[in-house]
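Student: The following block contains the structure, expressed as structure tokens.
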Amino acid sequence: MTTSSNPYLTKPRVYLLGRQAIVQEELARFLNDEGLTFTTDTPVAAEMLNEIAGRICYLSFGKGRKSNQEYLENILSSKHGSVLEHAVWNLLITGVSRSLTHELVRHRAGFGYSQLSQRYVDESDARYVVPPLYQENEALRRQWEQTIEYLRKAYADLAEATTQYVQQKFPAMAPRDRRKWARQAARSILPNACETKIFVTGNSRAWRHFLELRGSPHADMEIRLLAVEICRVLKRESPNIFADIELVDEPDGAPSIRVLHSKV
Ligand SMILES: Cc1cc2nc3c(=O)[nH]c(=O)nc-3n(C[C@H](O)[C@H](O)[C@H](O)COP(=O)(O)OP(=O)(O)OC[C@H]3O[C@@H](n4cnc5c(N)ncnc54)[C@H](O)[C@@H]3O)c2cc1C
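Counting from 1 along the sequence shown, just add 41 to a position and that's the residue number in the numbering used here.
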């Protein structure tokens, strides 16, 4: 775990690690085999893949709506959402709390997750995510930090004592397993604010649903601000798939996400 002079984090980081590419030769081979012609005006592979998936349904290559934006707008407004499952982005997210990821992984359909393990990774030097409300109030933040400092020390002491106990109980156990046994027990006292890192792969239908639910003013503020950050990334990635999704400033002082075509 990274040791940092400031163990307190105030913002999530979103790293866009993966996006799709079109295999042009295979697309050309398909069109040739079927005697079809197809061109589209988008340079974005995700948008093109969703359009191709939609056009397969009606075998409408070379017919109907001309621009990709127009095509996908019709998919969104007619709620032909399964078409949107063909575009995928891979995001690595850091600087978020375990309470945030507990909410994030409730999103099942169309998502895959890989998350830092508190059994394999020593959390003695873990960083902690300051809830947005405590970022704006010095007295509450101080009280929060004191509590975290107490818990940080309590975890390190307990992990050390537990490691010794496991060593006595299972002297033949491999050191790696001993550490895992100790951490899996000691982690029970780590607070929700403990920082975690999570690799998330989601398709465009799933991301849209996540943005709608978690970008809402009713969502927890930490996950709402993460949703806003992801929204910025995905709108840059695909202006057409996320065209009807916008950021607005709310009276509570933070941005939220509005979706025209709800739950496609
Ligand atoms: C503001 C807010 C407050 C919340 N409060 C609570 C709370 O107090 N307690 C709590 O437990 N959770 C709470 N949740 C979590 C919420 O209940 C959902 O678990 C979470 O938002 C994931 O939504 P989802 O199931 O629609 O998403 P996904 O799991 O990604 O599913 C997407 C869609 O696929 C379909 N689907 C997925 N799985 C199934 C299935 N098994 N059967 C049929 N259809 C399926 C549904 O249409 C679903 O909407 C809250 C969420 C929000 C946004």
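Positions of the beta carbon are idealized from the N, C-alpha and C atoms, including for glycine.
1) How many whole angstroms separate the CB atoms of Tyr-196 and Leu-231, which I take to be in contact at a CB cut-off of 8 Å?
2) Quick check on the DSSP output: the beta strand (DSSP E) that includes Arg-299 runs from which residue to which?
3) Determine the direct distance from the alpha carbon of Glu-186 to that of Ala-94, and round the result to whole angstroms.
4) Can you give the Cα-Cα distance for Glu-177 and Asp-285, rounded to whole angstroms?
5) What residues in its chain sit with their C-beta under 6 Å from that of Ala-62, if we drop five residues either side in the sequence?
6) Any heavy atom of ligand 1 inside 7 Å of the beta-carbon of Ser-257?
7) In the DSSP assignment, find the unbroken beta strand (DSSP E) run with Ser-138 in it and report its ends.
8) I'd like the span of the beta strand (DSSP E) that includes Gln-156, first residue to last.
9) Within the present structure, is the beta-carbon of His-148 separated from the nearest heavy atom of ligand 1 by less than 7 Å?
10) With DSSP as the reference, identify every bridge partner of Cys-235, one or two as the case may be.
11) Please report the Cβ distance between Lys-210 and His-250, rounded to the nearest whole angstrom; I am assuming they are in contact, meaning their Cβ atoms lie under 8 Å.
12) Can you determine whether any heavy atom of ligand 3 sits closer than 7 Å to the C-beta of Ala-247, and answer yes or no?
Tutor: Once the coordinates are examined:
1) 6 Å
2) Where Arg-299 is concerned, the enclosing beta strand (DSSP E) stretches over 296-300.
3) 51 Å
4) 32 Å
5) Ala-86
6) It does: the Cβ of Ser-257 is within 7 Å (strictly closer) of some heavy atom of ligand 1.
7) 129-138 is the extent of the beta strand (DSSP E) around Ser-138.
8) 152-156
9) yes
10) Tyr-169
11) About 47 Å separates the two Cβ atoms, so there is no contact after all.
12) For the structure depicted, ligand 3 is absent and the ligand set comprises only ligand 1.
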